[in-house]
Amino acid sequence: MKLPISWLKEYVDIGDITPIELCEKLVNAGFEVEEIIYRGEGMSNVVVGRILDISKHPDADKLLVCRIDIGKEVLQIVTGAPNVFIGAVVPVATHNSYLPCGKHITRGRLRGVESNGMLCGGEELCVTEDIYHGASVDGILILNDNEIIGEDMVKVLGLDDYVLDISITANRPDCGSVYGMCREIAGILGNQCKELDLTYNITVDKDIKQYVNVKVYDVDLCTNYAMSVVDNVTIAQSPLWLTRRLSAVGLRGINNLVDITNYVLIELGQPMHAFDYADITDKTIIVRRANKGENITLLDDKEYSLGEQMLVIADKTKPVGLAGIMGGVKSGIKQDTKTVAFESAIFAKGSIRHTSKDLNVRSDSSARFERGLDDYTSLLALDRALHLVQQLKCGQVVKGQIKIGEYTGLREIKFDKSRIVKLLGIEVPDKDIVRILNGLGILATIEKTTLNCIIPPYRADLTRPCDLIEEIIRIYGYSHITPTLLEDCRITIGGRSSVDTDINKIKGLLVSCGYNEIVTYSFGGRLTYEKLSVDKNADLSNNIKLLNPLGEEFSLMRRTLVADMLEVIAGNQSRHNEQLSLFELAKVYLTDKLPLESLPIEQRRLCVASTCQDAFYTVKDDLLSLLARMGIDASVTSCQCEYLHPNISASLMCGDRVIGSVGLVHPTVADNYNIKSAVCVAELDVDTILSVKDDNIKYKSVPRFPAIERDFALVADIDMQSGKIIELIRKYCKHSESARVFDVYCGDQVGNNKKSIAINVVFRGEGTLTDSDIEGEIKKCLSELNRQLNVVLRV
Amino acid sequence: MKDRIDGLIARCRGEIATCTCVQSLTECKVKFLGKNGELTAILRGMKDLSPEDKPIIGSLVNKARDELANELTIAEQSLKQAELNSKLNNEKVDITWVKNTDKSGTLHPLTKIQNLIIDSFVPMGFEVLEGPEIETEYYNFEALNVPADHPARDMQDTFYITQNILLRTHTSPNQVRTMEAKKPPIKMLCPGRTYRADYDASHSPVFHQIEGLVIDENLTLCDLMGTLECVARKLFSADTKVRFRPSYFPFTEPSVEVDVSCCKCGGVGCSVCKGTGWVEILGAGMVHPYVLENCGIDSNKYTGFAFGLGVERMAMIKYGITDIRLFFENDKRFLKQFNK
Numbered sequence: 001m002k003l004p005i006s007w008l009k010e011y012v013d014i015g016d017i018t019p020i021e022l023c024e025k026l027v028n029a030g031f032e033v034e035e036i037i038y039r040g041e042g043m044s045n046v047v048v049g050r051i052l053d054i055s056k057h058p059d060a061d062k063l064l065v066c067r068i069d070i071g072k073e074v075l076q077i078v079t080g081a082p083n084v085f086i087g088a089v090v091p092v093a094t095h096n097s098y099l100p101c102g103k104h105i106t107r108g109r110l111r112g113v114e115s116n117g118m119l120c121g122g123e124e125l126c127v128t129e130d131i132y133h134g135a136s137v138d139g140i141l142i143l144n145d146n147e148i149i150g151e152d153m154v155k156v157l158g159l160d161d162y163v164l165d166i167s168i169t170a171n172r173p174d175c176g177s178v179y180g181m182c183r184e185i186a187g188i189l190g191n192q193c194k195e196l197d198l199t200y201n202i203t204v205d206k207d208i209k210q211y212v213n214v215k216v217y218d219v220d221l222c223t224n225y226a227m228s229v230v231d232n233v234t235i236a237q238s239p240l241w242l243t244r245r246l247s248a249v250g251l252r253g254i255n256n257l258v259d260i261t262n263y264v265l266i267e268l269g270q271p272m273h274a275f276d277y278a279d280i281t282d283k284t285i286i287v288r289r290a291n292k293g294e295n296i297t298l299l300d301d302k303e304y305s306l307g308e309q310m311l312v313i314a315d316k317t318k319p320v321g322l323a324g325i326m327g328g329v330k331s332g333i334k335q336d337t338k339t340v341a342f343e344s345a346i347f348a349k350g351s352i353r354h355t356s357k358d359l360n361v362r363s364d365s366s367a368r369f370e371r372g373l374d375d376y377t378s379l380l381a382l383d384r385a386l387h388l389v390q391q392l393k394c395g396q397v398v399k400g401q402i403k404i405g406e407y408t409g410l411r412e413i414k415f416d417k418s419r420i421v422k423l424l425g426i427e428v429p430d431k432d433i434v435r436i437l438n439g440l441g442i443l444a445t446i447e448k449t450t451l452n453c454i455i456p457p458y459r460a461d462l463t464r465p466c467d468l469i470e471e472i473i474r475i476y477g478y479s480h481i482t483p484t485l486l487e488d489c490r491i492t493i494g495g496r497s498s499v500d501t502d503i504n505k506i507k508g509l510l511v512s513c514g515y516n517e518i519v520t521y522s523f524g525g526r527l528t529y530e531k532l533s534v535d536k537n538a539d540l541s542n543n544i545k546l547l548n549p550l551g552e553e554f555s556l557m558r559r560t561l562v563a564d565m566l567e568v569i570a571g572n573q574s575r576h577n578e579q580l581s582l583f584e585l586a587k588v589y590l591t592d593k594l595p596l597e598s599l600p601i602e603q604r605r606l607c608v609a610s611t612c613q614d615a616f617y618t619v620k621d622d623l624l625s626l627l628a629r630m631g632i633d634a635s636v637t638s639c640q641c642e643y644l645h646p647n648i649s650a651s652l653m654c655g656d657r658v659i660g661s662v663g664l665v666h667p668t669v670a671d672n673y674n675i676k677s678a679v680c681v682a683e684l685d686v687d688t689i690l691s692v693k694d695d696n697i698k699y700k701s702v703p704r705f706p707a708i709e710r711d712f713a714l715v716a717d718i719d720m721q722s723g724k725i726i727e728l729i730r731k732y733c734k735h736s737e738s739a740r741v742f743d744v745y746c747g748d749q750v751g752n753n754k755k756s757i758a759i760n761v762v763f764r765g766e767g768t769l770t771d772s773d774i775e776g777e778i779k780k781c782l783s784e785l786n787r788q789l790n791v792v793l794r795v
Numbered sequence: 001m002k003d004r005i006d007g008l009i010a011r012c013r014g015e016i017a018t019c020t021c022v023q024s025l026t027e028c029k030v031k032f033l034g035k036n037g038e039l040t041a042i043l044r045g046m047k048d049l050s051p052e053d054k055p056i057i058g059s060l061v062n063k064a065r066d067e068l069a070n071e072l073t074i075a076e077q078s079l080k081q082a083e084l085n086s087k088l089n090n091e092k093v094d095i096t097w098v099k100n101t102d103k104s105g106t107l108h109p110l111t112k113i114q115n116l117i118i119d120s121f122v123p124m125g126f127e128v129l130e131g132p133e134i135e136t137e138y139y140n141f142e143a144l145n146v147p148a149d150h151p152a153r154d155m156q157d158t159f160y161i162t163q164n165i166l167l168r169t170h171t172s173p174n175q176v177r178t179m180e181a182k183k184p185p186i187k188m189l190c191p192g193r194t195y196r197a198d199y200d201a202s203h204s205p206v207f208h209q210i211e212g213l214v215i216d217e218n219l220t221l222c223d224l225m226g227t228l229e230c231v232a233r234k235l236f237s238a239d240t241k242v243r244f245r246p247s248y249f250p251f252t253e254p255s256v257e258v259d260v261s262c263c264k265c266g267g268v269g270c271s272v273c274k275g276t277g278w279v280e281i282l283g284a285g286m287v288h289p290y291v292l293e294n295c296g297i298d299s300n301k302y303t304g305f306a307f308g309l310g311v312e313r314m315a316m317i318k319y320g321i322t323d324i325r326l327f328f329e330n331d332k333r334f335l336k337q338f339n340k
């Protein structure tokens, strides 16, 4: 909210505190100040002058040469404006002056005649009729005759003022107004806040009931409704002091009656509506939910079709306004309005929020109702408006007020003051407690150990002892809090969870293999996921969908990490970052049933990818060794995965359970993502890994007997998986301790469609083995290899 | 005979002197001292000598044999050394040639910061507990004292999946889940992804928070300050100071914004702290009694504090990163910088 310092000073004596000092105090009391605006910013060395005489420019028909008294000297200035006259009081931009429109004025010559500045119009000074009457005139701004010659124009225009833009937390709607903020600042400074002037005289003796009848049908959506009537109104321009204040907070003057409602809105935070009484059919105002199919055209000239949950202000025949949001186009104040009915009501914030959202129509009024307003202030606002009517002499107040609903009174909260030290950890002296609370308008007394607090009706946020304790420390100052380290607390062991520890271990292992961790969004768009399928036609019907995404590209919760990984690879390649080895460990969101009825499964996945040389073997072997470090003896089998190469891809298995897949990305899919090189990608289910892992370490004695090593060169079909051969060797060679492939050769010497696989086998026994000990098993093994796999010893 | 021996010694010495490799030295050894060598031949001829000569010649031969054997060994050692030196001299590498570049893996800066923070709290007895990212409205809002139509719901632009299932807007729902599952004393830390509909240089729709919750008897606001100061000192520097400013969160009362003295300028004022000397790092407060009661914890007996820390924000402060979007772009040149 915007708080002009000049307005603040009307209610609170702030002494000689500078705006910056005031901001610091506000911040320390919980009010963030977004900006300090100096209203005269950009205008300097512009003063009031009087034209002493005018002569024609010798060389230019349209230019005039003026001699101007600016108090301390007389200046010669050339002007082109025709509306100047001898004796006119005008704004003079002197040598080296700046104008808010951005102009820098210096001494110079115009067609050979010396000109020591410039006479200014309203536009150049960026002022409107709201700031100075006559500002909209084309030409030089003619000032009032009684302005002091030589006075700084910033002062003359009432712009020598600061405006604080204060952000108000959601619990303090009472501070969303000038007066509310004045009350608060008085409490912060320990000063008094002047009472509002709510006085007015009743000058029409006819009772309000003879003018208007109000019925509230839906009290759940309209808890309070108050109305006053002003008769014999004169619609006119508001006085400058009022429009200048509106202008300071960014509002334009419209006419005196409308300006009064706006003024009260800013000063007290209560949105009011001024009805033209003549437009209310049958003198009756009905507050009700809209009927099905009802329409209304609002002040913004747009027609809206209303829903049955929307609250309207209606007369007997039709809605005349959308309650708390905007008045109807027909019910507003017009030049010939004779009688005005002021409405000051409280509408349910939820209803306002929904209506405003559903119709997509927002106003200053709806924003305030959404934050929550108090009924007590709604009555102050009505009286304040009537006071202003009288002050502006723009109408006669009719006797009586309509008030519907319960109005909040004072509340009491009492508690043992030991709770203060229990919560804060420090003692606040009794006299400070009482002083602070009283300063905030909370009547506080201490009897023995009990703190009694009478809560003013505008502080709905204060309901429990902790709320009052916060008020005390907020004003007493958090600088009184001294750090202690859980001195009176019990010991807890704490620690990372085993899941957390394992995840860190997995990440650490990948980092030491040279992979860079990435973090991508949990949601994506149709395009990103569809590209994972060769024909860009992936089924996304099981992806959880956001109702209100930032855009389609952020609308689907992911079911795989691979798509984002490929996007990151493509993104890096487009920036010429080559040699990528990346991983991400994050969740995917899985459900079988949409729309969601309960929370979905959040499964942790690990996605690993690399564009390095020999990427498939590198990634697969890195993952196998990672799994081995988790105590998982994983195996690989062929896999069917749409986005992977049909042959260069595998499932990673732990027994019969699939842990994940690894393979080169299908060239068409890589192309979909605009990836320019071969890339191997793997995705593993981390939750399964963590459920089957075995990180118990049990010591086995180191073998004492020597091993025998044998190398075999075997010839097999070109498609033979060496893993199958190894499996048979391990099965039939009972003494085999390990078997590994150390060379694979294809070529003429082994024949077409054949390859030679060289395998090293280590044998070891429970004693020193001799060749004869293993001859039998080798022979058996070779014959089984031949029989089962058509594998023979190379000769 | 003696002359013959002397001559043999002289010839042998001459040959040793001309040997340039171990091989020729071995041949020389065989020639003079071997089984069929010349000195051995003299020994064999001793049987033909007179008994008086035998001991004299015998001792001469033995002496010659010992001397020559010794000289051969010395010569061999020196030749071996020379050969090794020559071999080492010829083995050379270009020590400035970096053959394997770009091999270091890195943790993402957000992981690094998250680990730093967790590792600062864990020794104080905090346990790490995670919660779901897709949450119910109840845990995300209602149980945290944010009923429907509460203006605080505006503070957090929420992504909804259904009417009452949403992407959590903060890690605070895990306060409730923890209090429902555990009895005090509680010291909980919950890291995780959070979501809000906001997107610019300082807001990302996906971001990370770490929630902290402590519930026990005798806990005060002073303990909150002490705990945070302790951690801030571990994270930034040993003389970091902590400051509270009043704020508002529906689930804490009192609520505070927590500032730390600027780690870059030490509190004098610089671009990082925008001249104030302080940097805002998190929101915190004493757990609202409504929240405690909702979880079945006696709010007269127990008090607690909670804090929610933005991991991206901490990383931006610590590493001097000015655009939050860099964390999610995953440019290799960005990631590689966090390899220490």
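Protein chains in written order, with my numbering: chain A, 1 to 795; chain B, 1 to 340. Glycine included, C-beta positions come from ideal geometry on N, C-alpha and C.
Whole-number beta carbon distance between residue j and residue i, since they are thought to touch under 8 Å
i, j, result
"G747/A", "G105/B", "At roughly 37 Å, the Cβ-Cβ gap does not stay under 8 Å, so G747/A and G105/B are not in contact."
Proximity of residue i and residue j at Cβ, strictly below 9 Å
i, j, result
"A385/A", "W7/A", "no"
"V311/B", "I113/B", "yes"
"G425/A", "T484/A", "yes"
"T79/A", "L63/A", "yes"
"S172/B", "N218/B", "no"
"L437/A", "L468/A", "yes"
"F350/B", "L546/A", "This structure gives no information on residue 350/B, because the portion of chain B shown stretches from 1 to 340."
"L626/A", "I503/A", "no"
"I313/A", "Y304/A", "no"
"M630/A", "K693/A", "yes"
"I689/A", "I729/A", "no"
9 Å Cβ cut-off: residues of chain A touching residue i
i, result
"H288/B", "R464 and C466"
Residue i: contacting residues in chain B (beta-carbon distance under 8 Å)
i, result
"I493/A", "G125 and E127"
"E470/A", "P246, E253, P254 and S255"
9 Å Cβ cut-off: residues of chain B touching residue i
i, result
"D488/A", "D216, E217, N218, L219, T220 and D223"
Neighbouring residues, chain A, relative to residue i (Cβ below 7 Å)
i, result
"L110/B", "V519"
Span of the beta strand (DSSP E), counted from its first residue to its last, around residue i
i, result
"Q749/A", "Unbroken run through Q749/A: none, as it is neither H nor E."
"H354/A", "Note, H354/A: premise wrong, no beta strand (DSSP E); alpha helix (DSSP H) at K349 to L359."
"F583/A", "S581 to L590"
Residue i: first and last residue of the uninterrupted alpha helix (DSSP H) it sits in
i, result
"S247/A", "L240 to A248"
"H108/B", "Taken as a continuous stretch (DSSP letters only), H108/B belongs to no alpha helix (DSSP H), as it is neither H nor E."
Which residues, in chain order, does the stretch 333-358 of chain A contribute to contact with chain B at a C-beta distance below 7 Å?
K349, G350 and R353
Members of the stretch 547-576 of chain A that neighbour chain B once the beta carbon cut-off is set at 8 Å
L547, N548, P549, L550, F554, M557, V568, G571, N572 and R575
Interface residues of the stretch 289-323 of chain B facing chain A [CB-CB below 7 Å]:
P289 and T303
Residues in the stretch 588-614 of chain A with C-beta within 7 Å of chain B's C-beta atoms, listed in sequence order?
Y589, P595, L596, L599, P600 and E602
Taking beta-carbon pairs under 9 Å, can you tell me which members of the stretch 101-135 of chain A lie near chain B?
none
Using a beta-carbon distance cut-off of less than 7 Å, what residues from the stretch 171-188 of chain B approach chain A?
P185 and K187
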